[in-house]
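Residue numbers (our numbering), protein chains in the order written: chain A, 127 to 241; chain B, 30 to 144.
Using N, Cα and C, we set each Cβ at its ideal position, and we do this for glycine too.
Data first, discussion second: the structure below is written as structure tokens.
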């Protein structure tokens with residue numbers, strides 16, 4: 127298995143531009159998570175999906191952020207318009223869910239820089 | 030909301046020695062799981078070890094073991110026979126079924142291993 131795939135690995139954009147981050151979870155996993163990592167706030171959950179349905183989006187910073195999961199093998203996180211404070215590493219993770227708590231497998235992350 | 034606290038921003042250990050990383054958490058739930066993740070400079074998140082709260086026996090994985098004190102809400106990681114490849118950020122994380130399957134992370138401890 128290729129693991130969780132994220133693209134792009136690095137993204138540099140100018141303030142005000144739209145940014146789309148992509149994630150392909152591990153086949154067969156039914157839960158998908160988006161996390162953001164910054165020096166100030168550490169690792170924090172943005173949103174997670176269970177069976178393609180958003181379950182908890184309370185971590186999404188504001189309306190500029192949106193996430194979708196149109197099918198079991200693809201998810202996007204969109205920022206429009208982007209701002210310098212959005213600069214961070216964005217991780218996607220997936221898990222088989224259920225009980226016992228199966229391991230969350232993380233993608234390599236997307237390093238976003240907004241200038 | 031559950032909080033996870035890692036009180037040691039940085040730790041240092043000599044190669045072949047033993048080091049213990051601290052983690053405390055706050056929760057009112059009885060059914061939960063605790064994890065230690067390693068993040069090397071490559072930024073890949075790697076699961077080191079996990080502990081189910083209902084298990085009294087401390088988890089071990091080769092050179093890695095935990096000291097789980099449920100009443101004290103403490104979950105420390107012990108690394109024995111430290112190796113240069115152990116140098117990384119280490120994150121303690123909490124997860125419960127009541128609050129969904131998302132991970133709640135501490136701020137991390139940076140571990141330096143000296144020859």
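From A:165, A:140, A:231, A:149, residue whose alpha carbon lies closest to that of residue 178 of chain A: A:149
Any chain A beta carbon closer than 8 Å to residue 130 of chain B: yes
From A:233, A:215, A:211, residue whose alpha carbon lies closest to that of residue 221 of chain A: A:233
Contacting residues, own chain, Cβ-Cβ under 7 Å from residue 137 of chain B (five flanking each side not counted): 35, 118, 119, 120
Bridge partner(s) assigned by DSSP for residue 33 of chain B: B:54
Outcome for residue 135 of chain A when other beta-carbon atoms lying within 10 angstroms are tallied against a minimum of 16: exposed
Straight-line gap, residue 43 of chain B to residue 112 of chain B (C-alpha atoms, nearest Å): 8 Å
Where residue 212 of chain A meets chain B, residues with beta-carbon distance less than 8 Å: Residues of chain B passing the Cβ test: none, with the nearest at roughly 18 Å.
Which residues DSSP lists as bridging residue 180 of chain A, in chain order: A:175
Under the three-state DSSP convention, the category residue 167 of chain A falls into: coil
Interface residues of chain B facing residue 221 of chain A [CB-CB closer than 8 Å]: 130
As assigned by DSSP and simplified to three states, the class of residue 132 of chain B: coil
DSSP three-state assignment for residue 196 of chain A, whether helix, strand or coil: strand
Option nearest residue 154 of chain A by Cα separation, candidates A:238, A:208, A:211, A:200: A:200
Residue 235 of chain A versus residue 68 of chain B: straight-line alpha-carbon distance, rounded: 12 Å
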